[in-house]
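A quick write-up on the structure given underneath.
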């Protein structure tokens, strides 16, 4: 007698779970090698309306069904819609890195990052429960024999209600009669139940992208009525920005603003259809569908996953080149793509093939930055709806610093959940509880930050590195926002200027001035200037290495293509002489900055006092302090 696993025992207790198990096992059979117990990784996509938890026992049973499982390492990875791609890739690598057999379970192929898509052997859609699965479930769980015809009839009703009415000893005719007489409301969320994305003009935090979208809506309206030709309409845009700023929501709001359909896709979705031929067919199919629905917005998410053909060095480079070439063909269109506006989204625009950004394709590029304080409050108010009238949101401006639109939406959801638990209306305390904890910047920490930022200010003003816009010290830090700066000195460097060796040396001196001020006034240097890729030391080292080893401004005219920090670091490691020159440059400019601060120590102390008291020193205040401390010129009478 065949031994039943503990997972099968759980599955056999529920008609629903057994029916879902039948569909999952049928899906796994599509990978015959894996089904027989062979090694590999398959991705299973849950049926519409079924969550991943419903398959938990079935997945484990399918994974461990082979009698050789004790000799193999196995893994299950569950990926939900909306998870950060970076976290998904890290979890996948951790669990599946050494696994002989693994199953990736997800609710949608859209949730699978390209890295995971490349790793799995096959992506399989789990079908919805059909007559055969329900017939088997009734026989095993309820000992209820029903015909395939009756089972298929039952599957025409909402399945959750079918599972509810199925009972041991109850006749199928009675079950069908009961289901047909009782009015049944589909429990799937409908469009009316879900909140539609508002038009772009009602959205906040999109800056230049919002202005472009509103102008596009006017142009499309004029094109529809024949006022302008298609040549006068922007046909493509690339949106970039950090995760969570709302690039996908922007595309939805843009379609609403333009009153046109939205067709959303991604390389991951196209790859999920199968091999290269299937991928290209799916890609061209989406563009063909867009042409049929024109005018429309076609949104391509994570467009950087297509890659840059010049950078392909892996074994699959021919495959990747064909994908990029096909995408370019779709962008150009054999007969044009009149009526289709393509919106590409990426977190990393540097990884995109330049041909995609050529004129006539995605030739306009707009970066969506983190929302400003006013925009954050407007986004909060939008998500709060009528309840915003009962709250003063202004105190939350600084607390939400560094948060994206997605972060703010989650904060409001969490706040509403707190209120529901206590059976009351939403209160300000709920919203504050759902926001990250805040750490005040005061005492010695505030003074040290003020000294650091005053150092940048003093040296920047002396060397005239750009237009001075002010200096700031924050009142607090958000605990979960590692990217938030505790302070900054703002200088606007002109784009059009001669950038010689002295220009870059001045930049390095200003960057090193914060550390120089700390050492001069406090006697020690803190670690803040060296933490992270955007820290002072990281920036100064990047400039010095580029100047000495890339721009031809050092002892060598040899040029390198290195741009990223990792490539620049490899340059230094491979060339000890270059590393020595970079270190000497950094030290010289550190000492130079320190000398300037010594000469203007009184001015620095005035800046520090003002920053501690007010948090922000505008240009007029700083210039007045500097003028007051300036020694009289020759022939000028001292006050």
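Numbering (the working numbering), first residue to last: 1128 to 1766.
We put the CB at the ideal spot given by N, CA and C, even for glycine.
Remember, it's a predicted structure, so these values are computed and weren't measured experimentally.
{"Query": "Nearest to residue 1169 by CA position, among 1243, 1454, 1265, is which residue?", "Result": "1243"}
{"Query": "For residue 1712, does the three-state DSSP call read helix, strand or coil?", "Result": "helix"}
{"Query": "Quick one: residues in its chain with C-beta nearer than 6 Å to the C-beta of residue 1194, no 5 flanking neighbours on either side, listed in chain order?", "Result": "Confidence is the limiting factor: at residue 1194 the pLDDT is only 49, short of 50, which leaves the residue's position unreliable, though a coordinate-based value still follows. Excluding residues within five positions, none has a Cβ falling inside 6 Å."}
{"Query": "Hey, residue 1643 and residue 1724: beta-carbon distance below 8 Å or not?", "Result": "yes"}
{"Query": "Measuring CB atoms only, is the segment 1737-1748 touching the segment 1666-1684, in the sense that at least three cross pairs come out at less than 8 Å?", "Result": "no"}
{"Query": "The alpha helix (DSSP H) spanning residue 1533 covers which residue range?", "Result": "1532-1548"}
{"Query": "So residue 1182 is in the alpha helix (DSSP H); what residue range does that whole segment cover?", "Result": "Run containing residue 1182: none; DSSP gives neither H nor E here."}
{"Query": "Following the continuous beta strand (DSSP E) through residue 1123, name the residue where it begins and the one where it ends.", "Result": "As displayed, the chain neither begins before 1128 nor continues past 1766, which places residue 1123 out of reach and without an answer."}
{"Query": "What is the residue span of the alpha helix (DSSP H) that residue 1510 lies within?", "Result": "1500-1511"}
{"Query": "Based on Cα-Cα distance, which residue from 1627, 1614, 1206, 1663 lies nearest to residue 1601?", "Result": "1614"}
{"Query": "Using C-beta distances below 8 Å, list every residue in its chain close to residue 1423, excluding the 5 sequence neighbours before and after it, in chain order.", "Result": "1382, 1387, 1388, 1389, 1390, 1417, 1466, 1467, 1468"}
{"Query": "Measuring straight from C-alpha to C-alpha, what distance separates residue 1247 and residue 1172?", "Result": "13 Å"}
{"Query": "On the CB-based measure, 16 or more other CB atoms within 10 Å of its CB, does residue 1256 come out buried or exposed?", "Result": "buried"}
{"Query": "My guess is that residue 1628 and residue 1674 are in contact by the Cβ rule of under 8 Å, so how many angstroms apart are they, rounded?", "Result": "7 Å"}
{"Query": "To which residues of the same chain is residue 1738 closer than 7 Å at the C-beta, ignoring the five residues directly before and after it?", "Result": "1577, 1580, 1581, 1598, 1600, 1744"}
{"Query": "For my contact list, residue 1543 and residue 1535 are in at a C-beta cut-off of 8 Å; report their separation, rounded to the angstrom.", "Result": "In fact, because the Cβ distance is near 13 Å, the residues do not count as touching under 8 Å."}
{"Query": "By Cβ distance below 7 Å, which residues in the same chain neighbour residue 1280 in space, the five residues on each side in sequence not counted?", "Result": "1303"}
{"Query": "Going by alpha carbons, who is nearest to residue 1369 out of 1211, 1398, 1262?", "Result": "1211"}
{"Query": "Which residues bound the alpha helix (DSSP H) around residue 1416?", "Result": "1403-1420"}
{"Query": "How big is the Cα-Cα spacing for residue 1161 and residue 1155?", "Result": "7 Å"}
{"Query": "State the Cα-Cα distance for the pair residue 1141 and residue 1240, rounded to the nearest angstrom.", "Result": "34 Å"}
{"Query": "Just the Cα atoms here: how many angstroms apart are residue 1431 and residue 1476?", "Result": "7 Å"}
{"Query": "Please report the Cβ distance between residue 1278 and residue 1272, rounded to the nearest whole angstrom; I am assuming they are in contact, meaning their Cβ atoms lie under 8 Å.", "Result": "With 8 Å as the limit, residue 1278 and residue 1272 do not qualify as a contact, their Cβ atoms being about 11 Å apart."}
{"Query": "In the DSSP assignment, find the beta strand (DSSP E) that holds residue 1595 and state where it starts and stops.", "Result": "1594-1600"}
{"Query": "Under 8 Å, do residue 1532 and residue 1709 count as touching if we go by C-beta distance?", "Result": "no"}
{"Query": "List the DSSP bridge partners of residue 1235.", "Result": "Note: residue 1235 sits in no beta bridge, so no partner."}
{"Query": "Going by DSSP, what residue range makes up the alpha helix (DSSP H) through residue 1555?", "Result": "1555-1561"}
{"Query": "Mark residue 1148 as exposed unless 16 or more other C-beta atoms lie within 10 angstroms of its C-beta, in which case mark it buried.", "Result": "buried"}
{"Query": "Note down the Cα distance separating residue 1356 from residue 1502, rounded to an integer number of angstroms.", "Result": "35 Å"}
{"Query": "Does the contact criterion of 3 or more C-beta pairs under 8 Å hold for the segment 1347-1361 versus the segment 1393-1413?", "Result": "no"}
{"Query": "Tell me which residue opens and which closes the beta strand (DSSP E) that residue 1392 is part of.", "Result": "1389-1393"}
{"Query": "So residue 1334 and residue 1489 are in contact, right, with Cβ under 8 Å, and what is the actual spacing, rounded?", "Result": "At roughly 19 Å, the Cβ-Cβ gap does not stay under 8 Å, so residue 1334 and residue 1489 are not in contact."}
{"Query": "Relative to the C-alpha of residue 1541, which candidate in 1521, 1292, 1562, 1437 has its C-alpha closest?", "Result": "1562"}
{"Query": "Based on Cα-Cα distance, which residue from 1472, 1555, 1693, 1421 lies nearest to residue 1507?", "Result": "1555"}
{"Query": "Would you give the residue range spanned by the alpha helix (DSSP H) that residue 1383 belongs to?", "Result": "1374-1385"}
{"Query": "Out of 1479, 1464, 1184, which one is the CA nearest neighbour of residue 1437?", "Result": "1479"}
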